[in-house]
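Visitor: If you're matching them up, the sequences are chains H and W in order. Those letters in the first sequence? Residues 289 to 627, by the working numbering. Those letters in the second sequence? Residues 289 to 627, by the working numbering. By construction, the Cβ of each residue, glycine as well, lies at the ideal position given by its N, Cα and C atoms. Because the structure is a prediction, the values reported are computed rather than measured. One structure, as structure tokens, below. Some questions next.
2 protein chains.
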Amino acid sequence: MREETEETSPQKRLLAAIGPEVKKIEEAMRCDLQVATSQADPLLVEILEYGIFNGGKRLRPLLAVLSARLCGLQGEKIYDLAIAFEYLHAATLFHDDVIDRGETRRGKPSVNKAFGEVAAILCGDFLHSRSMFLVGSRGGSASLEVFCRAANGMVDGEFLQLRNSRNHNLSEEDYFTVVKGKTALLLAATCEIGALAAGASLPQQQALSHYGLNLGIGFQIVDDLLDYLGDAKQTGKAIGNDFQEEKMTLPLIAALTSASPEDKKRLLFLLDNDEARQTGFSEACALIDKYNGFALSRNRAESLVADAVAGLAVFSEEAALPPAHTLRALAEYVLTRNK
Amino acid sequence: MREETEETSPQKRLLAAIGPEVKKIEEAMRCDLQVATSQADPLLVEILEYGIFNGGKRLRPLLAVLSARLCGLQGEKIYDLAIAFEYLHAATLFHDDVIDRGETRRGKPSVNKAFGEVAAILCGDFLHSRSMFLVGSRGGSASLEVFCRAANGMVDGEFLQLRNSRNHNLSEEDYFTVVKGKTALLLAATCEIGALAAGASLPQQQALSHYGLNLGIGFQIVDDLLDYLGDAKQTGKAIGNDFQEEKMTLPLIAALTSASPEDKKRLLFLLDNDEARQTGFSEACALIDKYNGFALSRNRAESLVADAVAGLAVFSEEAALPPAHTLRALAEYVLTRNK
Numbered sequence: 289m290r291e292e293t294e295e296t297s298p299q300k301r302l303l304a305a306i307g308p309e310v311k312k313i314e315e316a317m318r319c320d321l322q323v324a325t326s327q328a329d330p331l332l333v334e335i336l337e338y339g340i341f342n343g344g345k346r347l348r349p350l351l352a353v354l355s356a357r358l359c360g361l362q363g364e365k366i367y368d369l370a371i372a373f374e375y376l377h378a379a380t381l382f383h384d385d386v387i388d389r390g391e392t393r394r395g396k397p398s399v400n401k402a403f404g405e406v407a408a409i410l411c412g413d414f415l416h417s418r419s420m421f422l423v424g425s426r427g428g429s430a431s432l433e434v435f436c437r438a439a440n441g442m443v444d445g446e447f448l449q450l451r452n453s454r455n456h457n458l459s460e461e462d463y464f465t466v467v468k469g470k471t472a473l474l475l476a477a478t479c480e481i482g483a484l485a486a487g488a489s490l491p492q493q494q495a496l497s498h499y500g501l502n503l504g505i506g507f508q509i510v511d512d513l514l515d516y517l518g519d520a521k522q523t524g525k526a527i528g529n530d531f532q533e534e535k536m537t538l539p540l541i542a543a544l545t546s547a548s549p550e551d552k553k554r555l556l557f558l559l560d561n562d563e564a565r566q567t568g569f570s571e572a573c574a575l576i577d578k579y580n581g582f583a584l585s586r587n588r589a590e591s592l593v594a595d596a597v598a599g600l601a602v603f604s605e606e607a608a609l610p611p612a613h614t615l616r617a618l619a620e621y622v623l624t625r626n627k
Numbered sequence: 289m290r291e292e293t294e295e296t297s298p299q300k301r302l303l304a305a306i307g308p309e310v311k312k313i314e315e316a317m318r319c320d321l322q323v324a325t326s327q328a329d330p331l332l333v334e335i336l337e338y339g340i341f342n343g344g345k346r347l348r349p350l351l352a353v354l355s356a357r358l359c360g361l362q363g364e365k366i367y368d369l370a371i372a373f374e375y376l377h378a379a380t381l382f383h384d385d386v387i388d389r390g391e392t393r394r395g396k397p398s399v400n401k402a403f404g405e406v407a408a409i410l411c412g413d414f415l416h417s418r419s420m421f422l423v424g425s426r427g428g429s430a431s432l433e434v435f436c437r438a439a440n441g442m443v444d445g446e447f448l449q450l451r452n453s454r455n456h457n458l459s460e461e462d463y464f465t466v467v468k469g470k471t472a473l474l475l476a477a478t479c480e481i482g483a484l485a486a487g488a489s490l491p492q493q494q495a496l497s498h499y500g501l502n503l504g505i506g507f508q509i510v511d512d513l514l515d516y517l518g519d520a521k522q523t524g525k526a527i528g529n530d531f532q533e534e535k536m537t538l539p540l541i542a543a544l545t546s547a548s549p550e551d552k553k554r555l556l557f558l559l560d561n562d563e564a565r566q567t568g569f570s571e572a573c574a575l576i577d578k579y580n581g582f583a584l585s586r587n588r589a590e591s592l593v594a595d596a597v598a599g600l601a602v603f604s605e606e607a608a609l610p611p612a613h614t615l616r617a618l619a620e621y622v623l624t625r626n627k
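Below is the structure:
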């Protein structure tokens, strides 16, 4: 219990610090969607409401706002740009859940499950367009280029994952390429575009892009760890999903890399065999742990996040300002989150 | 035979006139995709090649180029903007075929059939982003707004269609709303953005948007007619598809509106009943014809297209120039095409 209190306390401080920003982000999304869907089909409006206002962490818009603030941007205009990152993220989740036939998202039925695949594809397309419009019109051409590169990087990451979906011999390198594409590139773009909106210098843009990229990879590794070690009640997702879907994530890859031939064979058997995958999850966890798969992954996440924060040294003059504090606290949160 | 010669001859002249432009459009797409996919997964490149270079008519980019030229734009830069409309169109087709479980497209397996649904969704997303990027960076903020409005109108049209998918009592008004969303808004946007790129006056922009909208509706009505009356060898699509899928298109709606209670009942029976739909297609055609459903639809298409052309009167000084000629010839082609 004591440990939990120590862990959640900085999280609570962080939540208090970002609370007002998250509220503004939510308001900006409500306002914008009202305009964007004023003539739209009521079903589209209902699905967007269901799929977007679901207690999401709003990490992406928050990063855009914080990056812009750190680079000196004042005023409220940034929110209209920042929400584009949440839209693109949501569009990707809608389509991902169709692709993976995901049935739950944040503890409730996914959009495809609740409204059907067709609706999920179409609503994803709608949000996709809207996000591009916001970035193009609020952020300008340079931002749109960064944004589209990230969007296409996400598709590319999905393709690599698709190509390797049954490849139990996935290399760490390929794992990181997929993670960059699927998660980290958008976070990097978010921070970079926030900096661009503030007219930041190139070193500042690069530092924030670097921060977003490494934070994103760290974030995904922790996600992969939670899929093995998390608490389903906290995460809102079934534990062991990745293993059941034969998804090669870092803990498993790391263990397979250093396991004895015998243990490697056993671990692959548990993964290959439909029945063993169901019944042998705890055994697989024990084997991964035996070869420090979880610890190695956590170390990796920690050093990436440390690297992300270290890069912010370029903001030496701004280091004491609230946005710098919050970016560092977010980095810490990424490592300590349990959902 | 005599009739066919008369019909195809202006088409051949049109093809000769647009041939060089279509070639430039194809080249621009190849160039752009090479840049956009230089670091992409080879499978993505393969699918884009398969899905895009398939003998399409390139009507949308062509309309953008012609509109810009009519408004006085010279030079080659317009092609990079124009291809965005083909990309968005292709993205929509990829997703539509997933949604409708379409198996063929232009006489060969659809992308979802050939490469799977996941690949079709992802490639659609890729093209969607790329199209937005091109319009935002080449056309600027005003163009991007028009473009995104059209993209979201397409989603909205799909939603209305989805909502009415089993509604055999669809009104003409709803039919036209769906057609506007699914086809005509993008054609209107294409022409309008072509005009914007040329720095055209507002009346010129509006005339071209009006041209695109009406041409688009006329185009779709002809498409719906071809689905009943076309030659599968020419169209590359099975005839009677819409009826089999219980899609309410104008010929059917028009016939149901004026049919005697007895004939209406019979037509609805043929439509409602799984077996009767298969065996009773010729009978349904005869009933539609009895109430002039085909003729009324054709008249409607003809008057819309005539209206599209009439609006070009604002270009009185440019009326004798090649782009004006070609836009008029395209309007004629829309009505006479047999595939």
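#1: Tell me whether W/Val467 is buried or exposed, calling it buried when 16 or more other Cβ atoms sit within 10 Å of its Cβ.
#2: Taking 8 Å as the limit between beta carbons, can you name the residues of its chain near W/Asp413, skipping five residues before and five after?
#3: Identify which residue in W/Ser489, W/Val510, W/Ala356, W/Asn400 has its Cα closest to the Cα of W/Thr624.
#4: Sorted by chain position, which residues of the same chain lie with C-beta nearer than 7 Å to H/Asn529's C-beta, five sequence neighbours on each side aside?
#5: State whether the stretch 396-403 of chain H contacts the stretch 423-434 of chain H, with contact taken as three or more CB pairs (one from each stretch) at a distance under 8 Å.
#6: Do we get a CB-CB distance below 8 Å when we pair H/Cys479 with the residues of chain W?
#7: Taking only beta-carbon positions, decide if H/Met420 is within less than 8 Å of chain W.
#8: Just to confirm the assignment: which complete alpha helix (DSSP H) runs, minimum length 4, are found wholly within the stretch 359-425 of chain W?
#9: DSSP state of H/Glu291, grouped into three classes?
#10: Along the stretch 425-436 of chain W, what residues have a CB closer than 7 Å to any CB found in chain H?
#11: Measuring alpha carbon to alpha carbon, tell me which of H/Phe569, H/Lys525, H/Leu600 ends up nearest H/Phe531.
#12: Under the rule that 16 or more other beta-carbon atoms within 10 Å means buried, what is H/Pro611, buried or exposed?
#13: Within 10 angstroms of its Cβ, does W/Asp519 collect 16 or more other Cβ (buried), or is it exposed?
#14: H/Pro330 to W/Leu501, Cα distance in whole Å?
#15: With a CB to CB cut of under 7 Å and the five nearest residues on each side skipped, what residues in its chain are close to W/Arg565?
#16: Counting only beta-carbon separations shorter than 8 Å, does W/Arg357 have a partner in chain H?
#17: Can you check whether the CB of H/Cys479 is closer than 8 Å to the CB of H/Leu347?
#18: With a threshold of 8 Å, are at least 3 pairs of Cβ atoms found where one atom belongs to the stretch 418-426 of chain H and the other to the stretch 356-370 of chain H?
#19: My output table needs one value for H/His613: the three-state DSSP class, helix, strand or coil.
#20: Let me see if you follow: with CB-CB separation under 8 Å, is H/Ser585 close to chain W or not?
#21: Considering only residues of the same chain and omitting the five flanking positions on each side of H/Gly599, which have a CB-CB separation below 7 Å?
#22: List, in chain order, every chain H residue whose beta-carbon is nearer than 8 Å to that of W/His377.
#23: Compute the distance between the beta-carbons of H/Gly487 and H/Val622, then report whether it is under 8 Å.
#24: Please list, in chain order, the chain H residues whose beta carbon lies closer than 8 Å to that of W/Glu460.
#25: On the criterion of 16 or more Cβ atoms from any shown chain inside 10 Å, does W/Lys521 qualify as buried, or is it exposed?
#26: Under 7 Å Cβ-Cβ, which residues of chain W neighbour H/Glu446?
#27: Could you list which residues in chain W have their beta carbon closer than 8 Å to that of H/Leu450, in chain order?
#28: Starting from the C-beta of H/Leu575, find all residues in its chain whose C-beta is less than 6 Å away, skip the five residues before and the five after it, and write them out in chain order.
#29: Just tell me which of W/Val323, W/Ser417, W/Arg393, W/Glu309 has its CA closest to the CA of W/Ser355.
#30: Spell out whether any CB of chain H is found under 8 Å from the CB atom of W/Val323.
#31: Of all the CB atoms in chain H, is at least one closer than 8 Å to the CB of W/Ile387?
#32: Consider the Cβ of H/Asn455: report whether some Cβ of chain W lies at a distance smaller than 8 Å.
#33: Closer than 7 Å by beta-carbon distance: list the chain H residues that pair up with W/Ala328, in chain order.
#34: Counting only beta-carbon atoms, is W/Asp413 nearer than 8 Å to chain H?
#35: Mind pulling the alpha helix (DSSP H) runs of 4 or more residues that sit fully within the stretch 506-585 of chain H?
#36: Quick one: which chain W residues come within Cβ less than 8 Å of H/Asn440?
Guide: With the structure as the only source:
#1: W/Val467 is buried by the Cβ-count criterion.
#2: By the criterion of a C-beta distance shorter than 8 Å, W/Asp413 is surrounded in its chain by Ala379, once the five residues flanking it on both sides are discounted.
#3: Nearest of W/Ser489, W/Val510, W/Ala356, W/Asn400 to W/Thr624, Cα basis: W/Val510.
#4: Here the set comprises Asp515.
#5: Three or more beta-carbon pairs separated by less than 8 Å are not found between the stretch 396-403 of chain H and the stretch 423-434 of chain H, which leaves the two stretches without contact.
#6: No, its Cβ sits nowhere closer than 8 Å to a Cβ of chain W.
#7: Chain W contact via Cβ: present.
#8: List check, alpha helix (DSSP H) in window: 366-387, 399-403, 405-422.
#9: Low confidence applies here, because H/Glu291 scores a pLDDT of 45, under 50, leaving its location unreliable; read the following figure in that light. The answer is helix: DSSP assigns H/Glu291 an H, G or I state.
#10: Cβ contacts with chain H come from Ser425, Ser429, Leu432, Glu433, Cys436.
#11: Per the Cα distances, H/Phe569.
#12: Counting Cβ neighbours within 10 Å, H/Pro611 comes out buried, since at least 16 surround it.
#13: Around the beta carbon of W/Asp519, a 10 Å sphere encloses fewer than 16 other beta carbons of the protein chains shown; the residue is thus reported as exposed.
#14: Near 24 Å, if we compare the C-alpha coordinates of W/Leu501 and H/Pro330.
#15: The answer, listed in chain order, is Phe531, Gln532, Leu558, Leu559.
#16: Taking 8 Å as the threshold, the shortest C-beta distance from W/Arg357 to chain H does not fall below it.
#17: No, they are not a contact pair.
#18: Touching, per the Cβ criterion.
#19: Residue state, collapsed to three classes: helix.
#20: Taking Cβ atoms only, chain W never reaches closer than 8 Å to H/Ser585, which makes this a no.
#21: Within the same chain, Ala495, His498, Tyr499 come within 7 Å of H/Gly599 by CB-CB distance, once the 5 residues on both sides are set aside.
#22: Contact note: W/His377 does not reach chain H at a C-beta cutoff of 8 Å; the least C-beta distance is about 13 Å.
#23: Going by beta carbons, H/Gly487 and H/Val622 fall outside the 8 Å limit.
#24: Within 8 Å of the CB of W/Glu460, no CB atom of chain H is found; the nearest one sits about 19 Å away.
#25: By the 10 Å Cβ count, W/Lys521 comes out exposed.
#26: Going along chain W in sequence order, the residues near H/Glu446 (Cβ under 7 Å) are Leu410.
#27: Under the 8 Å cutoff, chain W gives Leu331, Val406, Ala407, Leu410.
#28: Excluding positions up to five away in sequence, the list reads Asp551, Leu555.
#29: Proximity to W/Ser355 across W/Val323, W/Ser417, W/Arg393, W/Glu309 peaks at W/Glu309, based on C-alpha coordinates.
#30: Closer than 8 Å: no.
#31: Residue contact check for W/Ile387 against chain H: a CB pair falls below 8 Å.
#32: Interface annotation, H/Asn455: not in contact with chain W, CB-CB separation never under 8 Å.
#33: The CB of W/Ala328 comes closer than 7 Å to the CB of Asp444 in chain H, given here in chain order.
#34: It does: the Cβ of W/Asp413 has a partner Cβ on chain H nearer than 8 Å.
#35: Runs of the alpha helix (DSSP H) lying entirely within the stretch 506-585 of chain H and spanning at least 4 residues, in chain order: 520-523, 529-532, 538-546, 549-560, 562-567, 569-578.
#36: Correct list: Ala324, Ala328, Phe414, Ser417, Arg418.
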